[in-house]
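Have a look at the structure below before the remarks.
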Amino acid sequence: MAVQGADDAIEEDDGVLQSGAAPPVLMVLASEKGWPYSWHTIQDLPKNVFANCEVDRVWQIVKGDLIAWLSPHGGTDCKPKQRLLIGTPGIGKSVAADSYLLYQPLHCDAEKLQVVFHCFGGRGACVSDKTTRAVTRCSDEEMCVSELRSLRGHGRNVYIIYGVAKEGTPPPRHFAPTSGWGMIAVPFQR
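Written out as structure tokens, the structure is:
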């Protein structure tokens, strides 16, 4: 997998490991409530998500973006990044990437990153407000748009994880983080 920036530059896809650091081969994230990437399709949600070192590497890139964006030392020059996760269908599917990318920001400092918005390919979303510890489920795109509009203009830091539902289809215009939010688009798992 590679992570592509908004400027079309592909980063950290050289397959070279950092010296002295052994990558995790496989991580298991367990959840009693299940994982949200499949909320719209099945009743019994998977309780475990398996994330390999490539998925963790994507998180490390996103984490670096978040640290730079949310750091008090970054000043006004540091803008949140827009990223695109590219995978090869059938080989190294990124099924765990969206769940892992949801899990990690939810554990970031709530004073710095207040909201994580996870969209399921335009078919709904999960909005996690970390300051109030509330989760709102949006059942359709209209509700998602309404929720995004309500978040704009409140001076809150929002990170969007957008599951791209159809190959070659970018996220709708209203998902573009024009208000200074961070975002990553990932292949949506059906």
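Quick note: the sequence shown uses the working numbering, first residue 6, plus one each step.
Positions of the beta carbon are idealized from the N, C-alpha and C atoms, including for glycine.
| Check | Outcome |
| --- | --- |
| Anticipated Cβ contact below 8 Å, Val163 with Leu90, distance rounded | That pair is no contact at about 19 Å. |
| Pro176 classed as buried or exposed, judged by whether at least 16 other C-beta atoms fall within 10 angstroms | buried |
| CA-to-CA distance, Pro77 to Ile47, given in whole angstroms | Residue placement at Ile47 is poorly supported in this model, since its pLDDT is 45, which falls under 50; the coordinates are not used for a value here. |
| Backbone secondary structure at Arg178 - three-state DSSP | helix |
| When Ala170, Val60, Met148, Val120 are compared against Gly160, the one with the closest alpha-carbon | Val120 |
| Coil, strand or helix - Leu106 by DSSP | helix |
| Ala56: CB within 7 Å of a non-hydrogen atom of the ligand SAM | The ligand SAM is not among the ligands present in this structure, which contains no ligands whatsoever. |
| Residues sharing a beta bridge with Ser133, DSSP | Val121, Val140 |
| For Val169, the residue or residues it bridges with in DSSP | Pro192 |
| Given 8 Å, three or more beta-carbon pairs between the region 105-114 and the region 58-75 | yes |
| Bridge partner(s) assigned by DSSP for Gln87 | Met188 |
| Cutoff 6 Å; reference Val132; Cβ partners in own chain excluding five residues on either side | Phe122, Thr141, Glu152 |
| Same chain, Cβ closer than 8 Å to Val169, five either side skipped, listed in chain order | Gly126, Pro175, Pro176, Ala190, Val191, Pro192, Phe193 |
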